[in-house]
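Engineer:
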Amino acid sequence: MRLALKEALKAADADEVPVGAVIVHEGSVIARAHNQKELLCDPTAHAEMIAITQAAAALESRYLTDCTLYCTLEPCAMCAGAMVLARITRLVFGAFDPKAGAAGSVLDIVREKRLNHRPEVLGGVLETDCAELLKFFFEGKRK
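Numbering (the working numbering), first residue to last: 12 to 154.
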């Protein structure tokens, strides 16, 4: 999660919403990314989506089994859906997102029994650090 936080700081430095993601496979980091929605003018350029694309390329597979995705913020519906489709084994996230979280806060896509895959989920890891980064970013925007 600390590597994901470093990625989130890169996003903040680029004036992007500070969210970072890292994917680990068999103990090795195979992807790391941060939000790039503003830079790329792309609403899908969330940290998790970019990391999933990188990991799929690294493994040369559309399935990311035996992978853990660490992200600093509870994934949105788009990212949670991509995790299910990629068959990521485990999701670990920092801050909960009571407005758009899709891993239990607003929706629970990653645990939806009607879908063909459900990753193991652990939320709240380094939650204070992750939440504070977002809080400070948005406080700066309101000034």
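Using N, Cα and C, we set each Cβ at its ideal position, and we do this for glycine too.
How about the segment 98-118 and the segment 38-55: do they share at least three Cβ pairs that are nearer than 8 Å?
Structural biologist: no
Engineer: Helix, strand or coil, according to DSSP, for residue 43 in the structure here?
Structural biologist: strand
Engineer: If you draw a straight line from the alpha carbon of residue 133 to that of residue 27, how long is it in whole angstroms?
Structural biologist: 25 Å
Engineer: Give the DSSP-derived three-state secondary structure of residue 87 in the structure shown.
Structural biologist: Under the three-state reduction of DSSP, residue 87 is assigned to coil, being neither helix nor strand.
Engineer: Is residue 121 near residue 94, with beta carbons less than 8 Å apart?
Structural biologist: yes
Engineer: Less than 8 Å between C-beta atoms, sequence neighbours within five positions excluded: which residues of the same chain meet that for residue 3?
Structural biologist: Because residue 3 is not part of the residues shown, which for the chain are 12 to 154, the question remains open.
Engineer: Can you tell which of 75, 85, 33 and 116 has the C-alpha that lies nearest to the C-alpha of residue 128?
Structural biologist: Selected option, being the one with the closest Cα: 75.
Engineer: Please report the Cβ distance between residue 15 and residue 78, rounded to the nearest whole angstrom; I am assuming they are in contact, meaning their Cβ atoms lie under 8 Å.
Structural biologist: Between residue 78 and residue 15 the Cβ distance is about 14 Å, and since that is not below 8 Å, they are no contact.
Engineer: Could you spell out the range, first to last residue, of the alpha helix (DSSP H) harbouring residue 50?
Structural biologist: 48-51
Engineer: Looking only at its chain, what residues have a beta carbon closer than 6 Å to the beta carbon of residue 59, apart from the 5 residues adjacent to it on each side?
Structural biologist: 32, 82, 86 and 90
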